[in-house]
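Comments concern the structure below.
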Amino acid sequence: MGVSFVNPILAKVDPELAQVIENETRRQGDKIELIASENFVSKAVLAAQGSVLTNKYAEGYPGKR
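Start counting the sequence shown at 1; every next residue gets the next number (the working numbering).
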């Protein structure tokens, strides 16, 4: 594929996990996915999903928490 989806910091902290992610990225790029929820996403989407925005968690409805 030529493009790495692994964060260099992760590769330094946990090389084994980084390799697993690289292998899965390669597998997804080389094979066809017929399950819509497993479609390949862009680096921008991956960056947003791995941002500080995912640190927020709320349960229930506003005013009822």
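Idealized CB from N, CA, C, for every residue including glycine.
Close Cβ partners of residue i (< 7 Å) along its chain, the five nearest in sequence each way excluded
i: residue 18; result: 6, 10, 11
i: residue 46; result: 5
Unbroken alpha helix (DSSP H) run spanning residue i, endpoints
i: residue 31; result: Taken as a continuous stretch (DSSP letters only), residue 31 belongs to no alpha helix (DSSP H), as it is neither H nor E.
i: residue 56; result: Element bounds for residue 56: n/a, residue is neither H nor E.
i: residue 8; result: 8 to 13
i: residue 41; result: That residue, residue 41, is in no alpha helix (DSSP H); it is neither H nor E in DSSP.
Residue from the options with nearest C-alpha to residue i
i: residue 39; options: 54, 27, 61; result: 27
Chain-order list of residues whose beta-carbon lies under 8 Å from that of residue i (same chain, five-residue window excluded)
i: residue 70; result: Because the chain is modelled from 1 through 65, residue 70 falls outside the range shown and cannot be assessed.
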